[in-house]
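A.B. asks:
Residue numbers (this note's numbering), protein chains in the order written: chain A, -1 to 454; chain B, -1 to 454.
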């Protein structure tokens, strides 16, 4: 079927495509906050209606958490599955946004037009690039060039608790020849990229309790144990002075990077000064015996993502709190076992507790790292399609982030995942003022049309 | 004038006294939170009206912050000034209160009747013990036994920024023969106590900034500096493994306790197991080379009163925040200079900052420690009056808390302060479910009547 006709239709329909994306962006589907559960359902319903409107048999599927959306449309050719997530990150601190995060708009910036709003890049905008490509194809040719299954979840930003059970229970329906995933970015915001290495993710929350109740530091200061002090001492020991994580056996299953991959990455000439300079930094933190790109793509990390305890309002309160809390996450590499690291982390914290203190832990997800096998010709076909659209040679890359679903497709469905996305480094995903370049959206839709053409 | 008649009237009027206190407790006069500024003014107005209702010439005096209340009533005999504060601590975390903090009630507990509510002990209940004693005396005898000045402030819980300027500008009006202060407790909740040693207080807030914006730990984790990690490393170094504060020169001006005072305190046989056990602890934290009572009354401390940064809501967010914050306070002893300690603390933090991080500081008050001269016969007279009321021999003591006004009376007004209060260790001041024993309130009123009698 004719590709150019589809590309022309995509160009002509860009305004309508953007309007549809804005409808989805206006739904505050924050999955991690129970207050927004209804809105997550609303986003799922919107997607079902959107898919149906161009002939996809779509429905919302209930889970223990937020619903899945599954849709099927027939076609001659291979069976492709497309995955995206309709949930978004929380928006605090709200005062750092220059507008309502859920009232998106097109803004002119010195780097071109951007779509501003929560989820514009992660992942509603990316998800809609594929949906809009399919709509254009269907509209132009009446049929799609292959059989396609749409699979959207609403818990990606909160650890995907329902995902694995759902995939296992519906493996037959979801299994495909290839799983396309659009939740990644372009190398240095300019090179179209197929991600083939992903870090795993482990989330832990800990609460340290000292006295039964909040105390007055005038009366008890100096004699009663302060759980904030205990927490800072424990967290301060998670890294040594070389930036290495100190949890026992942490690096046991971390492979050194193969020489050929290291050379390929070196040829990318990663500009870490610019990468850091864009966010006001100059010096790579962390492990000093690896290059910055290796640190992001192939080394495990431990980060404190949140900490709180005592009085944190305006003014001052000389309280000696009963409890202090932190959220800690680990990015994992190679065969690092998240469950073993969880156990070792907890044992290390417990061993460091002084008398009269106790600790409780809360799990926030656990996934291993994943590496994709790229020998299938579909990968070179897709890479060439990306090269044609962007005028820059497409590349395979690692990725610092964690997209557990990539491993699930391999392990549960025996379906090879292919991760392609059009996000840029300055998209501020998970931060105030998230945006998605209008070019990412437009050329993203065109890229998928080209890839559909190349794979069929 | 007849004391017994006054004591009988106090007993007969207890219900009405309690009703009046409840009116004051219902006003949420949280001084540290700008949202409650109006309520602070309401509490001041209430006090003016209350004093006027038994013949005191009282008025509200504006300041840059919350207003002062000053009242005068004539009488033959010495000129006594009475100080208390009408502002209260914040009430968070609200969910740990068993009722609305500003809807006080009398509750039956296994330790007797208590007045439950924010400010019941600190300091509205204590303040009203003196006011009610004066009211009873005036009602019974038509006059008071001496000249009395009432002086109430509304910024005690937020560093008293207006106090010193106000005292300096009104020194002639406020200077008295003796300044009575009711904002302290009873030793081991049973021994009536005149506090003669108070620790000073220094408050600091620090904000550490790393990247310009919040980052995604998948993309930047490992390579971008995390200000929470920096903050925990800095705070963890504030104490060594013996519980000593590590700020340079911190202990330079801290005197060792004189032998006679140490012996007097040893004779009190402080039961630190019970003191700690009441709040779920067993082992004295802090400096290990001083007794627990010395630690509280005569040793300086450094405490982290609040810490926050990153994502602290429900669920998980893999953010690498731009900023991390802490509130730190110091209790001071002897001649420790709060301004010098502030400088040394800031220099230590700045020296510990890694590349790409910056720090800003915010002041939250600074006061030196104070020691009262007790050679005037008024002290023994007051101590004997307390012994008569409570049937337990009154004592002089130190106090871990900081009541800067004691030093101000000495330094600005050349008026000796006398600190007497009826708080108990389990009053939960500054915590959820604050209470004041009904006995503290009732016998507190009676104690002041006896003291007025003894001093005139």
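All residues carry an ideal CB built from backbone N, CA and C; glycine is no exception.
Determine the direct distance from the alpha carbon of residue 204 of chain A to that of residue 455 of chain A, and round the result to whole angstroms.
C.D. replies: Outside the shown range of chain A (-1 to 454) lies residue 455 of chain A, about which nothing can therefore be said.
A.B. asks: According to DSSP, which residues form a beta bridge with residue 100 of chain B?
C.D. replies: Beta-bridge pairing links residue 100 of chain B to no other residue.
A.B. asks: Say whether chain A places a C-beta atom closer than 7 Å to the C-beta of residue 458 of chain B.
C.D. replies: Absent from the structure is residue 458 of chain B, since the part of chain B shown begins at -1 and ends at 454.
A.B. asks: For the alpha helix (DSSP H) that residue 218 of chain A lies in, which residues bound it at each end?
C.D. replies: Start and end: 215 to 218.
A.B. asks: Which residue's Cα is closest to the Cα of residue 331 of chain B: B/339, B/325, B/324?
C.D. replies: The candidate whose alpha carbon is nearest that of residue 331 of chain B is B/339.
A.B. asks: Does the CB of residue 224 of chain B have a neighbour CB from chain A at under 7 Å?
C.D. replies: Yes, contact with chain A.
A.B. asks: Name, please, each residue of chain B whose Cβ falls closer than 8 Å to the Cβ of residue 344 of chain A.
C.D. replies: The premise fails here: residue 344 of chain A is roughly 17 Å from chain B at the closest Cβ pair, so nothing lies under 8 Å.
A.B. asks: Identify every residue that forms a DSSP beta bridge with residue 7 of chain A.
C.D. replies: Beta-bridge pairing links residue 7 of chain A to no other residue.
A.B. asks: Can you pull the chain B neighbours of residue 18 of chain A, defined as C-beta to C-beta under 7 Å?
C.D. replies: Result: empty, since nearest Cβ-Cβ is about 26 Å, beyond 7 Å.
A.B. asks: Grab the span of the alpha helix (DSSP H) containing residue 295 of chain A for me, first residue to last.
C.D. replies: Start and end: 290 to 296.
A.B. asks: Is the Cβ of residue 281 of chain B closer than 7 Å to any Cβ of chain A?
C.D. replies: True, the Cβ-Cβ gap to chain A drops below 7 Å.
A.B. asks: Based on the DSSP output, what are the partners of residue 203 of chain B in its beta bridges?
C.D. replies: Bridge partners of residue 203 of chain B: B/325, B/360.
A.B. asks: In terms of residue numbering, what span does the beta strand (DSSP E) encompassing residue 456 of chain A cover?
C.D. replies: The structure shown does not extend to residue 456 of chain A, since chain A is modelled only from -1 to 454, so the question has no answer here.
A.B. asks: When the cut-off is 7 Å and only beta carbons count, does residue 240 of chain B lie next to chain A?
C.D. replies: No, its Cβ sits nowhere closer than 7 Å to a Cβ of chain A.
A.B. asks: Which residues, in order along the segment 189 to 220 of chain A, keep a beta-carbon less than 8 Å from a beta-carbon of chain B?
C.D. replies: Here the close residues are 197, 199, 201, 203, 208, 209, 210, 211, 212, 213, 214, 215, 216, 217, 218, 219, 220.
A.B. asks: Have a look at the DSSP bridge pairing and note the partners of residue 365 of chain A.
C.D. replies: Answer is A/199, bridged to residue 365 of chain A.
A.B. asks: Please tell me whether residue 103 of chain B and residue 114 of chain B are closer than 7 Å, where the distance is taken between their beta carbons.
C.D. replies: Yes, the Cβ-Cβ distance between residue 103 of chain B and residue 114 of chain B is below 7 Å.
A.B. asks: Can we say the segment 297 to 317 of chain A touches the segment 165 to 173 of chain A, given the rule of at least three CB pairs closer than 8 Å?
C.D. replies: The answer is no - the segment 165 to 173 of chain A does not touch the segment 297 to 317 of chain A, with fewer than three Cβ pairs under 8 Å.
A.B. asks: Can you find a C-beta in chain B that's less than 7 Å from the C-beta of residue 457 of chain A?
C.D. replies: With chain A covering only -1 through 454, there is no way to say anything about residue 457 of chain A.
A.B. asks: Cα separation between residue 138 of chain B and residue 78 of chain B?
C.D. replies: Straight-line Cα distance between these residues: approximately 20 Å.
A.B. asks: When you compare the CB positions of residue 365 of chain A and residue 220 of chain A, do they come within less than 7 Å of one another, or not?
C.D. replies: Cβ atoms of residue 365 of chain A and residue 220 of chain A: not closer than 7 Å.
A.B. asks: Would you please verify whether the beta carbon of residue 88 of chain A is less than 7 Å from any beta carbon of chain B?
C.D. replies: Closer than 7 Å: yes.
A.B. asks: Indicate whether at least one CB of chain A lies closer than 7 Å to the CB of residue 312 of chain B.
C.D. replies: Yes - at least one Cβ of chain A is within 7 Å of the one on residue 312 of chain B.
A.B. asks: Relative to the alpha-carbon of residue 379 of chain B, which residue among B/19, B/9, B/325, B/176 has its alpha-carbon at the smallest distance?
C.D. replies: Per the Cα distances, B/176.
A.B. asks: By the three-class DSSP mapping on this structure, what secondary structure does residue 306 of chain A have?
C.D. replies: Three-state DSSP puts residue 306 of chain A in a strand.
A.B. asks: Closest to residue 155 of chain B by C-alpha separation, out of B/184, B/385, B/417, B/363, would be which residue?
C.D. replies: Selected option, being the one with the closest Cα: B/363.
A.B. asks: Mind checking the segment 29 to 60 of chain B against chain A and listing, in chain order, the residues whose C-beta falls within less than 7 Å of any C-beta there?
C.D. replies: Hits within the stretch, in order: 30, 31, 32.
A.B. asks: Locate the alpha helix (DSSP H) running through residue 445 of chain A, then write down its first and last residues.
C.D. replies: Residues 436 to 453.
A.B. asks: Can you check DSSP and say which residues form a bridge with residue 300 of chain A?
C.D. replies: The partner list for residue 300 of chain A (beta bridge, DSSP) reads A/328.
A.B. asks: Tell me the DSSP secondary structure of residue 285 of chain B in three-state form.
C.D. replies: The answer is coil: DSSP assigns residue 285 of chain B none of H, G, I, E or B.
A.B. asks: In three-state DSSP terms, what is residue 70 of chain B?
C.D. replies: Note: residue 70 of chain B maps to strand in three-state DSSP.
A.B. asks: Are residue 245 of chain B and residue 229 of chain B close, meaning C-beta to C-beta below 7 Å?
C.D. replies: Contact flag unset, no.
A.B. asks: How far does the alpha helix (DSSP H) with residue 14 of chain A in it extend, from its first residue to its last?
C.D. replies: 12 to 23 is the span of the alpha helix (DSSP H), which, as asked, contains residue 14 of chain A.
A.B. asks: For residue 81 of chain B, which option in B/415, B/438, B/437 has the closest C-alpha, if you only look at C-alpha atoms?
C.D. replies: Ranking B/415, B/438, B/437 by Cα distance to residue 81 of chain B puts B/415 first.
A.B. asks: Taking the DSSP output, what are the residues bridged to residue 416 of chain B?
C.D. replies: Residue 416 of chain B pairs with B/178.
A.B. asks: Between which two residues does the alpha helix (DSSP H) harbouring residue 57 of chain A extend?
C.D. replies: Looking at the DSSP string, residue 57 of chain A is not in any alpha helix (DSSP H); the run it does join, the beta strand (DSSP E), is 55 to 59.
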